[in-house]
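**Student:**
Numbering (this note's numbering), first residue to last: 2 to 552.
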């Protein structure tokens, strides 16, 4: 046992033998990601890895053997294109078989996967590709137009063929055709526990989105969460509805199930209540992970006057935003389960959880995301980084000295922002979320210390939206904030000061909404726009967003 693990096993965080065993699995300099995430699960039972659906009536199942065959071949394609250990390869793909194949192939080469959310517009995609210094992009016909025809910063673009035969832009490489031509075996490149295997971007309130280097050692807290946080069992039918373009979907709908050899449902269709309920019923989903927004939408649109909705749920978990106590009681009455709220960040994975596993499950406290997850010690600190006694309001922090599952390595090419995440002595990681902790260790969150907006489980930074709106000829100044919304938790609202000669109108507001949708992303556009004479500012000129949120 290493010295670090001895520290982690201190009485303050009660790490049991199972947690230590999981930690030790991912230590060292010979971490074989292809084996851990695929090959170890191949056996004579032809274990199913992916249940893929594009509609309620369609379904294709892919085994771990299928994934091994496809991903080893596609790794040859990437290797022939010059991909080496540490290179960045991006995917701009929906929930699909091709996404999983591409990710596994990247990891077999010791390269770094840069996932891009398919709702992103051209500018959001371009920034992430350039900042990450990505060499190759894997995308499909629907998303190909978000990248210029022959970008100088990419060496190759691989495009998934459509049903109408492959007609790529000049120079693009067909995904399946090139995969099928691959015959040789590629050399597996192992990584160390400290090597990054994912570069995922997270929103902030100032500056551009920050790249988070996800190290191979994050596999340990991912496995811990799948086992204890979600209580995922062999007999469960598991569905994590989150998009793998974001942390919760990538970590726990793709990486987590692959790591423990479970099947995962990929439903590649826009969210619709009827479709979601059909999938839940037809596949007899027993273990569900999603955002509180999904439950709020179901509650608002489904007639439940006849009593409990007839599902097969054993457990239900949610993350991404605080769970409303009203939804908690509704879930017990009409879904037949206690929805358990959980909290994490892109940088950390899940760290505060109402655990589902029977051996660690504790009674729910409405409004609480739960106590620290095994392997972490979550505390509340004041502005000086001192731990606060129970009941006091402060900032949620992670005691890194007593959190052996802590795996944050810093922001990509951004030491300044990395430093801001820690107290001066380096011991505490600062989450930026305000809250308190009771005497039993339960965390109650009250909001963000910064201005990140959480809408339908997505974290949205105002900076990119403001940049787009400032490009509209009528806009003189703009500030974007999140305001409460019963359905989505928060929605984006823009306060706009027009230039002289322009008049406020609904048509102008709609033009601005469409601009953000087109150039940035359909999920971040300001649903409300208010034209104002001026923005509230400090004497130094900084916008006082808290005044706008209370406007």
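Where a beta carbon is used, it is the ideal one built from N, C-alpha and C, also for glycine.
Small disclaimer: the values here were computed from a predicted structure and weren't measured.
Reducing DSSP to helix, strand and coil, say where residue 27 ends up.
**Tutor:** Working through the chain shown from its first residue, we reach residue 27 at position 26. DSSP places residue 27 in coil when its eight states are reduced to three.
**Student:** So residue 436 packs on residue 447, CB below 8 Å; how close in whole Å?
**Tutor:** Against the chain shown, residue 436 aligns to sequence position 435. Against the chain shown, residue 447 aligns to sequence position 446. That belief holds up - the Cβ atoms of residue 436 and residue 447 are roughly 5 Å apart, short of 8 Å.
**Student:** Helix, strand or coil for residue 66 per DSSP?
**Tutor:** Stepping through the chain shown from its first residue, residue 66 is reached at position 65. Residue state, collapsed to three classes: helix.
**Student:** Cα separation between residue 479 and residue 220?
**Tutor:** Numbered from its first residue, the chain shown carries residue 479 at position 478. Numbered from its first residue, the chain shown carries residue 220 at position 219. Those two C-alpha atoms are separated by around 41 Å.
**Student:** Would the C-beta of residue 292 count as close to the ligand MN, meaning under 7 Å from any of its heavy atoms?
**Tutor:** Among the components of this structure there are no ligands whatsoever, and the ligand MN is therefore not found.
**Student:** Taking all protein chains shown into account, do 16 or more other C-beta atoms lie within 10 angstroms of the C-beta of residue 552, making it buried, or fewer, making it exposed?
**Tutor:** Mapped onto the chain shown, residue 552 falls at position 551. Burial call: exposed.
**Student:** Just to confirm the assignment: which complete beta strand (DSSP E) runs, minimum length 3, are found wholly within the region 375-448?
**Tutor:** 379-382, 395-400, 429-438
**Student:** Does the structure place the region 308-327 close enough to the region 286-299 that three or more beta carbon pairs sit under 8 Å?
**Tutor:** yes
**Student:** When burial is assigned at 16 or more other CB atoms within 10 Å of the CB, is residue 311 buried or exposed?
**Tutor:** For this step, residue 311 is matched to residue 310 along the chain shown. Looking at its Cβ environment, which holds fewer than 16 other Cβ atoms inside 10 Å, residue 311 is exposed.
**Student:** What residue ranges within the region 242-304 form continuous alpha helix (DSSP H) runs of no fewer than 4 residues, ordered along the chain?
**Tutor:** Correct list: 257-261, 274-283, 293-302.
**Student:** What is the rounded straight-line gap between the Cα of residue 534 and the Cα of residue 445?
**Tutor:** Along the chain shown, one-based indexing puts residue 534 at 533. Along the chain shown, one-based indexing puts residue 445 at 444. So the alpha carbons of these two residues sit roughly 37 Å apart.
**Student:** Quick one, which of 68, 37, 34 has its alpha-carbon nearest residue 49's?
**Tutor:** As a working mapping, residue 49 is identified with position 48 in the chain shown. The option with the nearest alpha carbon to residue 49 is 68.
**Student:** As a quick exercise: from 255, 112, 178, pick the residue whose alpha carbon is nearest that of residue 74.
**Tutor:** On the chain shown, residue 74 is found 73 positions in, with the first residue counted as 1. Ranking 255, 112, 178 by Cα distance to residue 74 puts 178 first.
**Student:** Specify, as a first and last residue, the run of the alpha helix (DSSP H) that residue 1 falls within.
**Tutor:** The requested residue 1 is not part of the displayed model; the chain covers only 2 to 552.
**Student:** So what does DSSP say about residue 124, is it helix, strand or coil?
**Tutor:** By one-based count along the chain shown, residue 124 stands at place 123. Reduced to three states, the DSSP call for residue 124 is helix.
**Student:** Would you decide whether residue 305 is buried or exposed? Buried here means 16 or more other CB atoms lie within 10 Å of its CB.
**Tutor:** Residue numbering aside, residue 305 sits at position 304 when the chain shown is read from its first letter. Residue 305 comes out exposed.
**Student:** State buried or exposed for residue 9, treating a residue as buried only when at least 16 other CB atoms are found within 10 Å of its CB.
**Tutor:** For the purposes of this step, residue 9 is taken as residue 8 along the chain shown, with counting starting at 1. Model confidence at residue 9 stands at a pLDDT of 34, short of 50, so the residue's coordinates are unreliable; what they give is reported in the following sentence. It counts as buried.
**Student:** Runs of 4 residues minimum, wholly inside the region 50-114: which ones carry the alpha helix (DSSP H) assignment?
**Tutor:** Fully enclosed alpha helix (DSSP H) runs of no fewer than 4 residues occupy 65-81, 98-109 of the region 50-114, in order along the chain.
**Student:** Looking only at its own chain, which residues have a Cβ that is under 6 Å from the Cβ of residue 4, when we skip the five neighbours before and after it?
**Tutor:** As a working note, residue 4 is residue 3 in the chain shown. In this predicted model, residue 4 has a pLDDT of only 35, less than 50, meaning its place in the structure is not dependable; the value taken from the coordinates is given anyway. Contacts found: none.
**Student:** Can you tell me which of 431, 369, 352, 361 puts its alpha carbon nearest to the alpha carbon of residue 384?
**Tutor:** Mapped onto the chain shown, residue 384 falls at position 383. Nearest C-alpha to residue 384: 431.
**Student:** Taking one C-beta from the region 470-485 and one from the region 329-346 each time, how about it: are there three or more such pairs within less than 8 Å?
**Tutor:** no
**Student:** Whose C-alpha, out of 66, 60, 176, 239, is nearest the C-alpha of residue 44?
**Tutor:** The sequence position of residue 44 within the chain shown is 43, counting from 1. Closest by alpha carbon: 66.
**Student:** Grab me the residues of residue 13's own chain with a C-beta within less than 7 Å of its C-beta, minus the 5 sequence neighbours each way, in chain order.
**Tutor:** The residue you call residue 13 lines up with position 12 of the chain shown. Note that residue 13 has pLDDT 38, beneath the 50 cutoff, so the model's placement of it is unreliable and no number is given.
**Student:** Contact between the region 190-207 and the region 228-239 is defined here as three or more beta-carbon pairs at a separation below 8 Å; is this criterion met?
**Tutor:** no
**Student:** Could you please give the first and the last residue of the uninterrupted alpha helix (DSSP H) stretch that includes residue 211?
**Tutor:** As a first step, residue 211 is located in the chain shown; it is residue number 210 there, counting from the start. Per DSSP, residue 211 belongs to no alpha helix (DSSP H); it is in the beta strand (DSSP E), 211-216.
**Student:** Just the Cα atoms here: how many angstroms apart are residue 15 and residue 380?
**Tutor:** As a first step, residue 15 must be located in the chain shown, where it is residue number 14. As a first step, residue 380 must be located in the chain shown, where it is residue number 379. Reliability fails at residue 15, whose pLDDT of 49 lies under 50, so the model's placement of it is uncertain and no value is given.
**Student:** Write down the C-beta distance between residue 217 and residue 382 rounded to the nearest angstrom, noting that I regard them as a contact closer than 8 Å.
**Tutor:** By one-based count along the chain shown, residue 217 stands at place 216. By one-based count along the chain shown, residue 382 stands at place 381. Their Cβ separation, rounded to whole angstroms, is 29 Å, which puts residue 217 and residue 382 out of contact at 8 Å.
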